[in-house]
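Comments concern the structure below.
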Amino acid sequence: MMAALQMEDVGKRFRGESVLHDVTWAVPHGSVCGLIGPNGAGKTTLLRLALGLLVPDAGAIEVLGAPLAVENAGLRQRVHYVASERAQVPPLRVGEWVRYASLAYPRWDPPRAARLLEALELPRRRLVRELSAGQRTSLQFAVAAASRPDLLLLDEPTNGLDVLVKSRVLQLVIDMAAAEGTTVVIASHNIEDVERLADRLAVLYNGSFIAQGDIDAIKAGMHRLQVVFPGECPTAIDQQPHVVRVERQGKVATITLEGPVEPVEQACRAHGAVLVEPLDLDLTDIFRAMLEKEGYTRAKLQWDAQ
Amino acid sequence: MRLSVNPRSPKPVYLQVVDGLKEAVAKGLLAQGDRVPSVRELAAELTINHNTVARAYQELERDGVIEVVRGQGTFIAAARPAADRAARVEAVAARMREMLIEAHHLQLTEEDLLALFRTTLAEWRDERRRARS
């Protein structure tokens, strides 16, 4: 299966400083890919590269089977970008903005646009610049959905949306993917949204991917054990293969590991563990463990701030 | 049909859908011939990924719980002998053995266990009766 979005060894520098490096990424057609990473990891830069708004310094990018060039007008009609932060707004009313968009996109669906303006409670006569941040995002969504894109890139799409509008927007994204096979990339700090919507995941840290793949496989690959030892938890446990992190509280150790769980369980028992119990891990825990494995700590950030 | 999933649970979402639908059938909330939502409908209703729902439906179809009728939709299938029946019966027995281990550590006697089983069965029957009325 051809990928809707493909990157090979992509790198990007700003003022000599590397922002992205060695990014190889394939988002299969019809999938919803979550893109997560701490602030400044390069998520927005990655999406802007995929849109052709930025040109990579290294590597190659293919979008919907065509290599990105300097002029990507044809592609721009099949790829849509929705970001919660967009400053410049022309002096147009909502209705005018939508009419303008209807002329720009050949696959424009007028009944759908009308339905969406109503469902997302967007007043046609209001000036776009007078809309709240959340309403502006909703408007971008309405325009994106009505233009029937093949690839939809979402950058923090649910920021500033109230609970009701947010659930409508997320349902809309699911429906576009299910009904029209739209490929979706969703960059978000809201891991719960990502967990709901995505079937694939890519984790960006310091400008490159530290994990990517099927979200169920990623979730199934990481485990946490609570282990009780008769005395101190032996330091040999830290050296076991696949062990990412060991937290000790007296006789109790919490072990996070990536890979098969049985060898670590056996090693704990061999070191005299009296109790070995699996603990639940959700995607937030997994994300944190992945970052910690890469040497990211909040404590370090606090030091930097002092 | 009320089905709920928790994407934060370590149990994969597609398995939650599989088990939720199987439970609804076992309780009589869904009967043979009932139409189940399409992949697209259920994905939107639960706000979960459509490929996840499709994967659950594939598994349910393989297990003979649902059947897809081309051009008409997806329906609860007639109960029929499963091809992997022996293996699945053995899986039930394995779960029973796990219960026996737990029972031992709770000092439950065989009589206690049988009584508990009868009570649970009776509750289950009541639940099914209520679901059908």
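So the sequences go chain by chain: A and B.
Note that the working numbering gives residue 123 to position 123 of the first sequence, counting from 1, and the numbers run on in steps of one.
Note that the working numbering gives residue 358 to position 52 of the second sequence, counting from 1, and the numbers run on in steps of one.
We treat Cβ as the ideally placed atom computed from N, Cα and C, and that holds for glycine.
Note that the coordinates shown come from a computational prediction; the quantities given were computed from them, not determined experimentally.
Going by DSSP in three states, S138 of chain A sits in which element: helix, strand or coil?
Taking the first sequence and counting its residues from 1, the one referred to as residue 138 of chain A is at position 138. In this structure, S138 of chain A counts as helix in the three-state DSSP scheme.
Counting pairs of Cβ atoms below 8 Å between the stretch 121 to 129 of chain A and the stretch 148 to 163 of chain A, do you hit three or more?
With a cut-off of 8 Å, the stretch 148 to 163 of chain A and the stretch 121 to 129 of chain A do not count as touching, because too few Cβ pairs lie within range.
Is V323 of chain B near L336 of chain B, with beta carbons less than 8 Å apart?
Within the second sequence, residue 323 of chain B is the residue found at index 17, counting from 1. Within the second sequence, residue 336 of chain B is the residue found at index 30, counting from 1. No, the Cβ-Cβ distance between V323 of chain B and L336 of chain B is not below 8 Å.
For A177 of chain A, which residues in chain B fall below 7 Å Cβ to Cβ?
Sequence index remark: in the first sequence, residue 177 of chain A carries index 177 (1-based). Those are H356, listed as they occur along chain B.
How would you label H80 of chain A, buried or exposed, when you count the other beta carbons within 10 angstroms and need 16 or more for buried?
Within the first sequence, the letter at position 80 stands for residue 80 of chain A. Buried, since its Cβ has 16 or more Cβ neighbours within 10 Å.
Would a check of beta-carbon distances place R346 of chain B closer than 8 Å to chain A?
Taking the second sequence and counting its residues from 1, the one referred to as residue 346 of chain B is at position 40. By this cut-off, R346 of chain B is an interface position.
Which runs of the beta strand (DSSP E) at least 3 residues long sit entirely within the stretch 237 to 269 of chain A? Give them in chain order.
If we require 3 residues or more, the beta strand (DSSP E) runs fully inside the stretch 237 to 269 of chain A come out as 243 to 249 and 252 to 258.
Short of 8 Å Cβ to Cβ, which residues in the stretch 160 to 174 of chain A face chain B?
Going along the stretch 160 to 174 of chain A in chain order, one finds S167, L170, Q171 and I174 with a Cβ nearer than 8 Å to chain B.
Please list the terminal residues of the continuous alpha helix (DSSP H) segment that includes D432 of chain B.
The residue you call residue 432 of chain B lines up with position 126 of the second sequence. Run containing D432 of chain B: E416 to R438, per the alpha helix (DSSP H) assignment.
In whole angstroms, give me the CA-to-CA distance for D304 of chain A and E192 of chain A.
Taking the first residue of the first sequence as position 1, residue 304 of chain A is located at position 304. Taking the first residue of the first sequence as position 1, residue 192 of chain A is located at position 192. Bear in mind that a pLDDT of 41 at D304 of chain A, under 50, signals an unreliable position, so the number given afterwards is only what the model happens to contain. If you take the alpha carbons of D304 of chain A and E192 of chain A, they lie about 29 Å apart.
Does R424 of chain B come within less than 8 Å of chain A when only Cβ atoms are used?
Here residue 424 of chain B refers to the residue found at position 118 of the second sequence. For R424 of chain B, the answer is no, since every Cβ of chain A falls outside 8 Å of its Cβ.
Quick check: is the beta carbon of L291 of chain A nearer than 8 Å to any beta carbon in chain B?
Here residue 291 of chain A refers to the residue found at position 291 of the first sequence. No, no contact with chain B.
In the DSSP output, which residue or residues are listed as bridge partners for E277 of chain A?
Within the first sequence, numbered from 1, the residue matching residue 277 of chain A stands at position 277. According to DSSP, which records beta bridges pairwise, E277 of chain A is partnered with A:Q226.
Taking 8 Å as the threshold (beta carbon to beta carbon), is R401 of chain B in contact with chain A?
If you number the second sequence from 1, residue 401 of chain B lands on position 95. So no, R401 of chain B is outside the interface.
Do you know offhand how far R431 of chain B's Cα is from L414 of chain B's?
To locate residue 431 of chain B, count along the second sequence from 1; it is residue 125. To locate residue 414 of chain B, count along the second sequence from 1; it is residue 108. Computed Cα separation, rounded: 24 Å.
Expressed to the nearest angstrom, what Euclidean distance is found between the alpha-carbon atoms of V203 of chain A and H242 of chain A?
To locate residue 203 of chain A, count along the first sequence from 1; it is residue 203. To locate residue 242 of chain A, count along the first sequence from 1; it is residue 242. Cα-Cα distance, rounded: 19 Å.
Confirm, please, whether the CB-CB distance from G213 of chain A to V165 of chain A is below 8 Å.
Along the first sequence, read from residue 1 onward, the residue named residue 165 of chain A stands at position 165. Along the first sequence, read from residue 1 onward, the residue named residue 213 of chain A stands at position 213. For V165 of chain A and G213 of chain A, no; Cβs fall outside 8 Å.
Starting from G319 of chain A, follow the alpha helix (DSSP H) in both directions and report where the run begins and ends.
Not covered by the structure: residue 319 of chain A. The range shown for chain A is 1 to 306.
Using a Cβ-Cβ distance under 8 Å, would P343 of chain B count as near chain A?
Here the question's residue 343 of chain B lines up with position 37 in the second sequence. Taking Cβ atoms only, chain A never reaches closer than 8 Å to P343 of chain B, which makes this a no.
In terms of alpha-carbon separation, which member of A:G42, A:A83, A:G34 and A:W97 lies closest to L20 of chain A?
Numbered from 1 along the first sequence, position 20 holds the residue referred to as residue 20 of chain A. L20 of chain A has its Cα closest to that of A:G42, out of A:G42, A:A83, A:G34 and A:W97.
In the DSSP assignment, find the beta strand (DSSP E) that holds S102 of chain A and state where it starts and stops.
The sequence position of residue 102 of chain A within the first sequence is 102, counting from 1. S102 of chain A -> not in any beta strand (DSSP E); alpha helix (DSSP H) instead, spanning V94 to A104.
Just the chain B side, please: which residues come within less than 8 Å of D9 of chain A by C-beta, in chain order?
Here residue 9 of chain A refers to the residue found at position 9 of the first sequence. Near D9 of chain A there are no residues of chain B at all, since even the closest Cβ is about 28 Å away, more than 8 Å.
Taking the straight line between their C-alpha atoms, what separation do you get for A50 of chain A and G339 of chain B?
Your numbering for residue 50 of chain A matches position 50 in the first sequence. Your numbering for residue 339 of chain B matches position 33 in the second sequence. Those two C-alpha atoms are separated by around 46 Å.
In the stretch 343 to 384 of chain B, which residue ranges form an unbroken alpha helix (DSSP H) of at least 4 residues, counting only runs that do not cross its ends?
Those alpha helix (DSSP H) runs which fall completely within the stretch 343 to 384 of chain B and span 4+ residues are 345 to 352 and 356 to 368.
Check distances from the C-beta atoms of the stretch 180 to 210 of chain A to those of chain B and list, in chain order, the residues that come in under 7 Å.
Those residues of the stretch 180 to 210 of chain A that come within reach of chain B (Cβ to Cβ, closer than 7 Å) are E192, E195, R196, L197, A198 and D199.
When every heavy atom of the ligand NAP is checked, does at least one fall within less than 7 Å of the C-beta of A270 of chain A?
No copy of the ligand NAP occurs in the structure displayed, which carries no ligand at all.
Applying the 10 Å Cβ sphere with the 16-neighbour rule, what's the burial state of G295 of chain A?
The residue you call residue 295 of chain A lines up with position 295 of the first sequence. Per the 10 Å Cβ criterion, exposed.
Taking C-beta pairs closer than 7 Å, name the residues in chain A that R314 of chain B reaches, listed in chain order.
Start at 1 with the first residue of the second sequence, and residue 314 of chain B comes out as number 8. Residues of chain A passing the Cβ test: E192, E195 and D282.
Quick one: Cα of A387 of chain B to Cα of M402 of chain B, how far?
Mapped onto the second sequence, residue 387 of chain B falls at position 81. Mapped onto the second sequence, residue 402 of chain B falls at position 96. The amino acid occupying residue 387 of chain B in the given sequence is Pro; Ala does not appear at that position. So the two alpha carbons sit approximately 22 Å from each other.
Per DSSP, what kind of secondary structure is K333 of chain B in: helix, strand or coil?
The count along the second sequence starts at 1 and reaches residue 333 of chain B at position 27. Note: K333 of chain B maps to coil in three-state DSSP.
Check whether the Cβ atoms of L281 of chain A and R196 of chain A lie closer than 8 Å to each other.
Here the question's residue 281 of chain A lines up with position 281 in the first sequence. Here the question's residue 196 of chain A lines up with position 196 in the first sequence. Not closer than 8 Å, so no.
For the stretch 31 to 48 of chain A, list every residue whose C-beta sits within 9 Å of some C-beta in chain B, in sequence order.
Listed in sequence order: S31 and V32.
So is P318 of chain B buried or exposed if we call it buried at 16+ other beta carbons inside 10 Å?
On the second sequence, position 12 is the one that residue 318 of chain B refers to. P318 of chain B should be labelled buried.
Taking C-alpha atoms, which residue in B:E433, B:R434 and B:M405 lies nearest to L420 of chain B?
Start at 1 with the first residue of the second sequence, and residue 420 of chain B comes out as number 114. Comparing Cα-Cα distances from L420 of chain B to each of B:E433, B:R434 and B:M405, the minimum goes to B:M405.
Out of A:G181, A:L279 and A:T235, state which residue places its alpha-carbon closest to the alpha-carbon of G30 of chain A.
Looking up residue 30 of chain A in the first sequence gives position 30. It is A:G181.
Between which two residues does the beta strand (DSSP E) holding T183 of chain A run?
What you label residue 183 of chain A is simply residue 183 of the first sequence in a count that begins at 1. Unbroken beta strand (DSSP E) run through T183 of chain A: T183 to A187.
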